[in-house]
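Here is the structure we will look at.
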Amino acid sequence: MMLTLADKFWIWVKSVYLRISLNRFTQAFFILSFIFCFAQSITQSFLFSLDDEWRGLVSNVVDHGNLNKSLFVQYTGRHGQYSLALCNDSPMLENACVPYYTSGQMNVSIPYGFKREEYDGRLLSQTTWDRWISPQGIPVNDIVIQSIHGSDGMNVRVSEVRNSSNAITLSPQCIRTLLYPDQKLQEFRREVLALIASQFWLFGLSVFAILRESVPHLLALLGARFLGTGWSAYTLWRTGNIEDRIHHLIEQQDTPCHLDVFSPYFRMRMSFQIPDLVLHCTALAFSLFLSWRLLKVYNAQTFKRVGPPTTIIRVYRYYLTSLVCLQLSVFFLVVAMSLWVDQLLNSAIKEISEHTDIYIALFTTTTVLLLPWITMGWYSVRREKKGFMLAFSAVGFIFISCWAIMFYSRIYRFTFVDWPFFGCMTVSSFVVMILSIVFGIINQLHFKHGLKQYLDVEETMARSDFDPQVFNHSTSKEWKEETSVARFTIPILLSDSASFASTSEKHGSIV
618 MMLTLADKFW
628 IWVKSVYLRI
638 SLNRFTQAFF
648 ILSFIFCFAQ
658 SITQSFLFSL
668 DDEWRGLVSN
678 VVDHGNLNKS
688 LFVQYTGRHG
698 QYSLALCNDS
708 PMLENACVPY
718 YTSGQMNVSI
728 PYGFKREEYD
738 GRLLSQTTWD
748 RWISPQGIPV
758 NDIVIQSIHG
768 SDGMNVRVSE
778 VRNSSNAITL
788 SPQCIRTLLY
798 PDQKLQEFRR
808 EVLALIASQF
818 WLFGLSVFAI
828 LRESVPHLLA
838 LLGARFLGTG
848 WSAYTLWRTG
858 NIEDRIHHLI
868 EQQDTPCHLD
878 VFSPYFRMRM
888 SFQIPDLVLH
898 CTALAFSLFL
908 SWRLLKVYNA
918 QTFKRVGPPT
928 TIIRVYRYYL
938 TSLVCLQLSV
948 FFLVVAMSLW
958 VDQLLNSAIK
968 EISEHTDIYI
978 ALFTTTTVLL
988 LPWITMGWYS
998 VRREKKGFML
1008 AFSAVGFIFI
1018 SCWAIMFYSR
1028 IYRFTFVDWP
1038 FFGCMTVSSF
1048 VVMILSIVFG
1058 IINQLHFKHG
1068 LKQYLDVEET
1078 MARSDFDPQV
1088 FNHSTSKEWK
1098 EETSVARFTI
1108 PILLSDSASF
1118 ASTSEKHGSI
1128 V
């Protein structure tokens, strides 16, 4: 009898349920993965909202300063000496940047090409924007920002709508100094968006690990948890470090702004980052324990019950490793490309980039070919197609080569060095793409070893709604007693595949 689409879907649902409810460890693993996914996503959503609100305020002030759109800031500082340089090209070029503020110095001459009037050295009285900041640390909306022509250039006046006397006028030198926090807030927003996406990707990886009983996916998940926890700890330290920089560049008396405005922002950001780090550490601890238990379950088949030959198990794990590398490639490559394109189109870099059209073309081509490339890699390994594997390797080599050539661009190199998160995502994308090709080739070397027949039998039984629970373990002549691990086994007829000839005295076990 032919199965309808609804029947096939119902069979798939039952199969998923059986895998998730296999034992208490798989159930706990699934439930906790779901909880941590949404808890961390919500926490990071608060971070994004905070960064977005503050970035909107600071960018509005900077935009009213009528600065050259191609200018961006390079920061240097060590041992209490802080300085900012104004750049109209990549800092890797000689004479591309000129210093415009060093802690303790007020008057710095700026060349004509940077369109900056010399600051007259007057100090602004320290002003707190507490009246313009909500108790939650978010800028309120009832403020007015105006551009005012002054003797020393374009000033910016910020005032309250209901009380115009509550106002402050920012000098051109102060506005240029605000370029630095504006750039950092933009980077923070992009990072948090990528991290929110990573939570759902991790949840998907967890589900896949359970459904496929995949040791490589569990190990990849643990690696991702370690990286996420490490990055969360680093960003907590970085927030304090950036706060210290802002204090020396904007808030102290000898600064052009002498303005205490960012304290509520950093206080609120810390209040979100600390719970986020706690969630990461908790998720890592639970993942370590549950993954260890699941690894014992998934590895027990090799030693404690009858199963496929050791060769098939080894090749099957190569197959699963290829799958996890392909899935990792999708995430890291998409994130790295998205960060680069967003930086290219929505920052000062877009004004100085000479080959933007080429970069966009590479991004578009990679995006269009990425899904077919992933599908080709999976299909070539699953169906043991050498032609598809050669095409997969060739396209992967083209991806790696093209994005490696990007380092010829000084703008790309500067972004890679200056922005740690982008650098981490880029390096990770190269690593997983190379591993995808390497394990694809390893799988090709093991074609015709029985993996295809093994997976075909598994799929046939799944399509037939084969219920493993119909087998009880009461016949000692046919089954070994299971006392340590709660698993189900599925017998395979010896005639199903010649690859199982070595097990003529035993039954097979499909997982």
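Using my numbering, the letters of the sequence shown map in sequence onto residues 618 to 1128. Positions of the beta carbon are idealized from the N, C-alpha and C atoms, including for glycine.
Residue pairing by DSSP leaves Glu868 without any beta bridge partner. DSSP places Asp877 in the strand class (E or B) of the three-state scheme.
Distance between Pro881 and Pro873, taken at the CA atoms: about 20 angstroms. In this structure Val1044 is exposed. Its beta-carbon is surrounded by fewer than 16 other beta-carbon atoms within 10 angstroms. Counting along the chain, the unbroken beta strand (DSSP E) around Glu777 starts and ends at Gly770 to Glu777. Under the DSSP definition of a beta bridge, Phe689 partners with Cys704. Fully enclosed alpha helix (DSSP H) runs of no fewer than 4 residues occupy 966-969, 973-999 and 1003-1022 of the region 961-1030, in order along the chain. Cα atoms of Val1055 and Phe825: separation of roughly 22 angstroms, rounded to the nearest angstrom. If you look at Thr719, you'll find it isn't in any alpha helix (DSSP H); it sits in the beta strand (DSSP E) that goes Cys714 to Thr719.
Nearest C-alpha to Thr846 among Thr982, Gln890 and Glu860: Gln890. In the DSSP assignment, Tyr699 forms a beta bridge with Gly694. Within the same chain, Ile637, Ser823, Val824 and Ile827 come within 8 angstroms of Phe647 by CB-CB distance, once the 5 residues on both sides are set aside. Annotation: the continuous beta strand (DSSP E) that includes Gly767 extends over Ile760 to Gly767. As far as DSSP is concerned, Ile1059 takes part in no beta bridge. Under the DSSP definition of a beta bridge, Ile785 partners with Val775. Assignment of Leu649 by DSSP, reduced to helix, strand and coil, places it in the helix class. Under the three-state reduction of DSSP output, Thr621 falls in the coil class, being neither helix nor strand.
For Glu860, the enclosing alpha helix (DSSP H) stretches over residues Val832 to Ile863. Using a 10 angstroms sphere on the CB of Glu808, the tally of other CB atoms reaches 16 or more, which defines it as buried.
With contacts defined by Cβ atoms closer than 8 angstroms, Pro1037 and Thr660 do not form a contacting pair. Secondary structure at Lys1069: helix, using DSSP grouped into helix, strand and coil. Around the CB of Arg672, 16 or more other CB atoms lie within 10 Å, so the residue is classed as buried.
For Glu808, the enclosing alpha helix (DSSP H) has its first and last residue at Leu796 to Arg829.
In this structure, DSSP gives Glu711 a state outside helix and strand, which the three-state scheme calls coil.
Straight through space, the alpha carbons of Phe1014 and Thr983 are spaced by roughly 12 angstroms.
If you check the CB distance, Phe653 and Leu945 do not come in under 8 angstroms.
Here Ser662 carries a helix assignment [DSSP, helix/strand/coil]. Here the region 678-690 makes contact with the region 795-807; the two share three or more CB pairs at distances below 8 angstroms. The DSSP-derived three-state label of Gly682 is coil.
With respect to the 8 angstroms criterion, Thr794 and Ile765 are not classified as neighbours on the basis of their beta carbons. Here Ala953 is near Ser1046, since their CB atoms are less than 8 angstroms apart. Residue state for Pro892 is assigned as helix, using DSSP reduced to three classes. The residue from Glu670, Asn858 and Leu907 with its alpha-carbon nearest to that of Asn640 is Leu907. Rounded to whole angstroms, the separation of the alpha carbons of Leu844 and Thr992 is 27 angstroms.
Shown here for His834: same chain residues with a beta carbon closer than 7 angstroms to its own, the five before and five after excluded, namely Leu822, Phe825, Ala826, Leu937 and Val941 in chain order.
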